[in-house]
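A.B. asks:
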Amino acid sequence: MINLTVGVLALQGAFVEHLTLLRQAAEELQRRQPLQPNTATATSTSTSTTTTTLGPRQRGSASPSSPASPHTDAKSTADAGTDAAADILPHKPPPRPTPPDLNHSSLSPSPPTISLTTLEVRTPTDLARCDALILPGGESTSISLIAARTGLLEPLRDFVKVLRKPVWGTCAGLILLAESADRSKSTGQELIGGLDVRVQRNYFGRQVESFEAELELSFLGDSGGGPFHSVFIRAPVVAKVLSSPTTTTTTDGGVPPVSHGEGDTVLAPQRQATKAQVEILGRLPGRAKTIKDQTTTAHDLGEDGDIVAVRQGNVFGTAFHPELTGDGRIHAWWLREVLKAKMQTEEE
Amino acid sequence: MSSNNTAFPDRPSAFRSQSSRALNGSNDSSPPITTKSSASMASSDPQSSFAVKAGLAQMLKGGVIMDVVNVEQARIAEEAGACAVMALERVPADIRAQGGVARMSDPSMIQDIMRAVTIPVMAKARIGHFVECQILQAIGVDYIDESEVLTPADPTNHVDKNQYNTPFVCGCRNLGEALRRISEGAAMIRTKGEAGTGDVVEAVRHMQTVNAEIARASSASDADLRQMARELECDYALLKETAKLKRLPVVNFAAGGIATPADAALMMQMGCDGVFVGSGIFKSGDAAKRAKAIVQATTHYNDPKVLAEVSIGLGEAMVGINCSGMGEGEKLAKRGW
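Protein chains in written order, with UniProt numbering: chain C, 1 to 348; chain V, 1 to 337.
Dropping the structure here:
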């Protein structure tokens, strides 16, 4: 049994939306891997913590259905009925005949049972429970100030840069995960860091310049669904991938004060070096498709398009808001990455 | 892709994932009212989509939006962790004290504040004054508050907010008022409360009313819902969506009378998505400290220990006006139709 606890930083912003999609993604995971005799089982629901068990079908162990859960997704509610746990998937494949000893781990290795718990993270204690964390969209200055006053900034930096647990930041979350950010407020801004990139805040402008766009995200694989419909709200972009990963880091683990780059650029304090390189996972194809001034495209400018999704090791960031679309594909992909990381750690 | 995934990629609901249950879960043929708004907006223009307008409000959730009258106050608010500021010439307490006609602020003052801070900047227009709204959109404010705090400009109508790229927030005292504003295009709602009093009682009353009416709608039959829509003078489809969501289909903040961290947490525990604090901060003894405390209280609204900590030694709160001793004619919440 693998217990996986995924938190969403709930200091300010759209954290509830992420929790909803995480639960949806947990079910999605099962649908995507029909060859494994797994199903999603909602085992408990409370205001801030929900556990979903992913594992071998256990017909007899249906948990009490919880029709009142506000975050249960459409199908699970519709199909809940009398057998909430077992019939949670709308289009599950017909039960496959399983070898008789598959569920008896003493005899042969079986696919691991996974129990997913999601929670809102507001304190260092909450954070310590997490195997992985999402930093939601919101106002990065608010989140960063509240984190500092709640005593969460240093634990967050350790979580990302020392423990190297998987994290994903969307929009404001991406800004906080960047090692460097431009256009910060006049007195600077605390960053968590983890991605060797410089982001530019409010790159596209103010709210009237916010937009929606279709993105081709090849890392999602060829599993159908087409381009990813994405929402950009006063969004940042990755302006630059910083040349050398944090190899110049301080080795004593000391905490340097907030670093100020030039002008209104701020830097995150450094920690341990990582060998992982920054991978570019998504670009905005042409701004002509998305901005009002349809005269220039990224191609005209001789560019590949603005960088809107990056990953470095266990740290993933998107400039847009998958939490606003109802499309759980990126959450499902990320959850699989989290699982891989978790299983790797357990093997080590 | 599976059926529960982006079945309505363009559906203009702020609460897509949750509302997918409402919209996929039954064969109800009536489209959500908000579809109308997206159709009437230039649908080829991706920037004016309802999702983008309502999306900014979703990013503000769990946060505090503070009234500020100058650059200095805006900076204090940003440093305190405000998720946005409302730029206006006089806070409601002063509008109340000084009387006269309250209008949109001087654009240059709003622009100074927009330059001074990196968080979103909102500004107020008079109810029904669509030209003030055009001006605010032209200078690029992030949200327009069509506000009862200013003197209404139209005795019968509110602004047709679907016509604007800039999103709108509007006040409400009850569910009918909230849904009327949403069908006019508001992408965010706040309770009206009673601005400039420092008395939270009216905000509580309005929130309770909205909650009670949503609860009633949620348990009503279709026939009863139609009756209720007539009663509340709101759109049936929008009421039905609200009933299924068991919440307003857009973000809902509390406003009007919030003066302490405890007030903010009270409203959050009642189910608000965030709070506006008007006169409560800059009419108090130590504005910076109080502002920070209210921000912390809004995040940790369910943790009485934190609430106790941040409530200590805040200095003088705004003096305030007791709403129960107020004549009905003095209430700003009465404005709006």
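Beta carbons are placed, not taken as given, at the ideal position from N, Cα and C, and that holds for glycine.
(1) Quick check: is the beta carbon of V231 of chain C nearer than 8 Å to any beta carbon in chain V?
(2) How would you label V64 of chain V, buried or exposed, when you count the other beta carbons within 10 angstroms and need 16 or more for buried?
(3) Pull the bridge partners of D67 of chain V from the DSSP assignment, please.
(4) Residues of chain C with CB closer than 7 Å to the CB of S284 of chain V, please, in chain order.
(5) What are the partner residues of A181 of chain C, as DSSP defines its beta bridges?
(6) Could you check whether G193 of chain C and P269 of chain C sit closer than 8 Å to each other, using their CB atoms as the reference points?
(7) Distance, Cα to Cα, Q111 of chain V vs R230 of chain V?
(8) Who are the near neighbours of D145 of chain V in its chain, counting only those whose CB is closer than 6 Å to its CB and skipping five residues on each side?
(9) Start and end of the alpha helix (DSSP H) containing N211 of chain V?
(10) Quick one: is K244 of chain V buried, meaning 16 or more other Cβ sit within 10 Å of its Cβ, or exposed?
(11) Listed from N- to C-terminal order along the chain, which residues in the stretch 308 to 333 of chain C have their beta-carbon within a distance smaller than 9 Å of any beta-carbon of chain V?
(12) Is R336 of chain C close to chain V, meaning its C-beta is less than 8 Å from at least one C-beta of that chain?
(13) Going along chain C in order, which residues have a C-beta closer than 8 Å to the C-beta of D112 of chain V?
(14) Once DSSP output is grouped into helix, strand and coil, what is the label at E120 of chain C?
(15) In chain C, which residues lie less than 7 Å from A51 of chain V when you measure between Cβ atoms?
(16) Please classify R311 of chain C: is it buried, with 16 or more other beta-carbons within 10 angstroms of its beta-carbon, or exposed?
(17) Go ahead and pull the three-state DSSP assignment for R311 of chain C.
(18) With a CB to CB cut of under 6 Å and the five nearest residues on each side skipped, what residues in its chain are close to G138 of chain C?
(19) Please classify D222 of chain V: is it buried, with 16 or more other beta-carbons within 10 angstroms of its beta-carbon, or exposed?
(20) Using C-beta distances below 6 Å, list every residue in its chain close to P67 of chain C, excluding the 5 sequence neighbours before and after it, in chain order.
(21) Ignore the nearest five residues each way along the sequence and tell me which others in V319 of chain V's own chain have a CB closer than 8 Å to its CB.
(22) DSSP three-state call for G257 of chain V: helix, strand or coil?
(23) Can you round the beta-carbon distance between R234 of chain C and Q207 of chain C to whole angstroms, since I take them to be within the 8 Å contact cut?
(24) Taking Cβ positions, are D273 of chain V and K53 of chain V nearer each other than 8 Å?
(25) Identify the continuous beta strand (DSSP E) that holds R170 of chain V and give its terminal residues.
(26) Per DSSP, what are the beta-bridge partners of E279 of chain C in this structure?
(27) Confirm, please, whether the CB-CB distance from T187 of chain C to E72 of chain V is below 8 Å.
(28) Checking contacts by CB at 8 Å: is Y143 of chain V closer than that to chain C?
(29) In the DSSP assignment, what residue or residues form a beta bridge with R336 of chain C?
(30) Quick one: complete beta strand (DSSP E) runs, 3+ long, within the stretch 119 to 206 of chain V?
(31) Across the stretch 206 to 226 of chain V and the stretch 149 to 163 of chain V, are there enough close Cβ pairs to call them in contact, namely three or more that are closer than 8 Å?
(32) Indicate whether at least one CB of chain C lies closer than 8 Å to the CB of V68 of chain V.
(33) Excluding the 5 residues flanking H158 of chain V on each side, which residues of the same chain have their C-beta closer than 8 Å to its C-beta?
(34) Is there contact here, the stretch 98 to 110 of chain V with the stretch 82 to 90 of chain V, by at least three beta-carbon pairs under 8 Å?
(35) Just checking my contact of A74 of chain V with M188 of chain V at CB under 8 Å: how many whole Å lie between their CB atoms?
(36) According to the Cβ coordinates, are Q189 of chain C and S243 of chain C closer than 8 Å?
C.D. replies: Here's the rundown:
(1) Yes, V231 of chain C lies at the interface with chain V (some Cβ there is under 8 Å from its Cβ).
(2) buried
(3) V:M86
(4) Within chain C, no residue comes near S284 of chain V; the closest Cβ sits about 19 Å away, beyond 7 Å.
(5) C:V199, C:V266
(6) yes
(7) 42 Å
(8) M122, K124, V169
(9) The continuous alpha helix (DSSP H) containing N211 of chain V extends over residues 201 to 218.
(10) Counting the other Cβ atoms within 10 Å of the Cβ of K244 of chain V gives 16 or more, which makes it buried.
(11) H321, E323, L324, T325, G326, D327, G328, R329
(12) By this cut-off, R336 of chain C is not an interface position.
(13) Residues of chain C passing the Cβ test: none, with the nearest at roughly 13 Å.
(14) strand
(15) E212, V231, L324
(16) If you draw a 10 Å sphere on the C-beta of R311 of chain C, you find 16 or more other C-beta atoms in it, and that means buried.
(17) strand
(18) The beta carbon of G138 of chain C sits closer than 6 Å to those of Q12, G13, A172, all from its chain and outside the five residues before and after it, given in chain order.
(19) exposed
(20) Low local confidence applies: a pLDDT of 38 at P67 of chain C is under 50, so the model's placement there is unreliable, with the coordinate-based value given in what follows. Cβ within range, chain order: n/a, list empty.
(21) G198, K283
(22) coil
(23) 6 Å
(24) no
(25) A small correction: the amino acid at residue 170 of chain V is Cys; Arg does not occupy that position in the sequence shown. Its beta strand (DSSP E) spans residues 168 to 172.
(26) Paired residue(s): C:R311.
(27) no
(28) Residue contact with chain C for Y143 of chain V: present (Cβ-Cβ distance below 8 Å to some residue of chain C).
(29) DSSP, once it has assigned bridges, lists no residue as partnering R336 of chain C.
(30) Taking only runs of at least 3 residues, the beta strand (DSSP E) segments lying wholly in the stretch 119 to 206 of chain V are 121 to 126, 143 to 147, 168 to 172, 188 to 191.
(31) no
(32) So no, V68 of chain V is outside the interface.
(33) I127, G128, E146, C170, R180, R181, E184, G336, W337
(34) Verdict: yes, contact present.
(35) 20 Å between Cβ atoms; not a contact.
(36) no
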